[in-house]
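Residue numbering for the sequence shown follows the numbering used here, beginning at 2 and increasing consecutively.
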Amino acid sequence: MITKRRLLAGAGAAGLASLAEPARAQVIRTNTRFLVGFPPGGPVDIVARLLAAEMKDYASTIIVENRPGGGGRTALEALRTSAADGSVLLITPASMVVIYPHVYKTLSYSPLRDFAPVSTVCEFPLVVAIGPMVPAQVKTLAEFVAWCRANPKLATYGSPSAGSVPHFTGVMLARAAGIELLHIPYQGTAPAMQNLLGGEIAANVTVLPAAIPHVQTGAIRALAMTGRERSPLLPGVPTLDEAGYPGLQSVDWFGVFMPAHTPAEIVGRLNGVMREALKTASVREGLTKLSFGVAGNTPDEFVRLIQANTERWGPIVAASGFKPED
2 MITKRRLLAG AGAAGLASLA EPARAQVIRT NTRFLVGFPP GGPVDIVARL
52 LAAEMKDYAS TIIVENRPGG GGRTALEALR TSAADGSVLL ITPASMVVIY
102 PHVYKTLSYS PLRDFAPVST VCEFPLVVAI GPMVPAQVKT LAEFVAWCRA
152 NPKLATYGSP SAGSVPHFTG VMLARAAGIE LLHIPYQGTA PAMQNLLGGE
202 IAANVTVLPA AIPHVQTGAI RALAMTGRER SPLLPGVPTL DEAGYPGLQS
252 VDWFGVFMPA HTPAEIVGRL NGVMREALKT ASVREGLTKL SFGVAGNTPD
302 EFVRLIQANT ERWGPIVAAS GFKPED
């Protein structure tokens, strides 16, 4: 549960962050570990490495350490038990901190009790896409919904993991459309896309970098974007609002955390260095290649975002009846 005490603690860290010198902060460490809960080469790993290369003002050496497992939970569990001295950081998608607390009854961590939020890094919409299992004449979301009603045994969709933002975006869409969509979870973005391309699932809710190359070749069809507006990379693809499903906006994000009880001055220092890194050409260009928008905020703003997202997803998870296998 997000307590008033924790909110005030976040606000205190933010106050120091605002006072910290954002540019060229003193190097305070020689070695720092940057935990990533997913395998090398995926979007989270790529963003971590982009950031690490531009955060030398925080530590002279930042080692990205991949700790895949548990849908991202393994890395968060490692952060929880790490020293709160600024030597260990973690970057994670939103799901692990705003959805998992509603999903796992025995979750080993509490996001705002066990971690100190530092800043968001990027934000991005998702895309609803269909593959060759669905007949070629189906080209709009309305036509796909009609196809699902006519072919209920084939109405499936994939996501990169159970309990993720893409997973529950699919749940929201199915409920709004009044159809049954069987969710197929995968261990990452790539295998879900492979099965979509192979005709083993009908649809996929995924990130733009995974979808765009295949949309461009015509191998899959993008039906709708989950963001507030159309993507300039897929200008012909409507938002869910435009496709007839207002209120289903779903924007994911990556954020950086430190262990709870990390001194506020260290959280503030890292926040300042991160926000400077997000202004660099290399990071901005790297995020653009991934179709991600640059984010960045103060620790107290980040705490409020986590609180709002947690409150939003709770009723959706509860209404879905989803029960994890582990």
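Every residue, glycine too, gets a C-beta built ideally from N, C-alpha and C. Because the structure is a prediction, the values reported are computed rather than measured.
Proximity of residue i and residue j at Cβ, strictly below 9 Å
i, j, result
"residue 311", "residue 98", "yes"
"residue 69", "residue 116", "no"
"residue 298", "residue 306", "yes"
"residue 1", "residue 133", "What is shown of the chain runs 2 to 327, which leaves residue 1 out entirely."
"residue 190", "residue 211", "yes"
"residue 264", "residue 85", "yes"
"residue 167", "residue 206", "yes"
"residue 36", "residue 89", "yes"
"residue 288", "residue 128", "no"
Residue i versus residue j - alpha carbon distance
i, j, result
"residue 269", "residue 119", "8 Å"
"residue 202", "residue 179", "19 Å"
"residue 309", "residue 187", "27 Å"
"residue 6", "residue 320", "Note that residue 6 scores 42 on pLDDT, short of 50, meaning its location in the model is unreliable; the coordinates nonetheless yield the value given after this. Approximately 30 Å between the Cα atoms of the pair."
"residue 281", "residue 121", "16 Å"
"residue 18", "residue 277", "Low per-residue confidence applies at residue 18: pLDDT is 42, beneath 50, and the placement is therefore not dependable, though the value from the model is reported in the following sentence. Those two C-alpha atoms are separated by around 12 Å."
"residue 74", "residue 124", "20 Å"
"residue 283", "residue 256", "18 Å"
"residue 171", "residue 318", "12 Å"
"residue 63", "residue 80", "15 Å"
"residue 229", "residue 240", "7 Å"
"residue 300", "residue 217", "39 Å"
"residue 103", "residue 325", "11 Å"
"residue 44", "residue 138", "32 Å"
"residue 322", "residue 105", "12 Å"
Enclosing alpha helix (DSSP H) for residue i [first to last residue]
i, result
"residue 130", "Per DSSP, residue 130 belongs to no alpha helix (DSSP H); it is in the beta strand (DSSP E), 116-131."
"residue 221", "Element bounds for residue 221: n/a, residue is neither H nor E."
Boundaries (first-last residue) of the beta strand (DSSP E) holding residue i
i, result
"residue 185", "183-186"
"residue 231", "Looking at the DSSP string, residue 231 is not in any beta strand (DSSP E), and its letter there is neither H nor E."
"residue 158", "157-160"
Closer than 8 Å: residue i CB and nearest the ligand ZN heavy atom
i, result
"residue 268", "Absent from the structure shown: the ligand ZN. Ligands present: none."
(message) Tell me whether the segment 102-111 and the segment 181-195 touch, counting them as touching only if at least three CB pairs, one residue from each stretch, are closer than 8 Å.
(response) no
(request) Specify whether the segment 180-190 and the segment 149-161 touch according to this definition: at least 3 beta carbon pairs, one from each stretch, less than 8 Å apart. (result) yes
(message) Could you tell me which whole alpha helix (DSSP H) segments of length 4 or greater appear in the segment 249-312?
(response) 265-278, 282-290
(request) Could you tell me whether the segment 251-264 touches the segment 153-163, where touching means 3 or more Cβ pairs closer than 8 Å? (result) no
(message) Which runs of the alpha helix (DSSP H) at least 4 residues long sit entirely within the segment 51-84? Give them in chain order.
(response) 74-81
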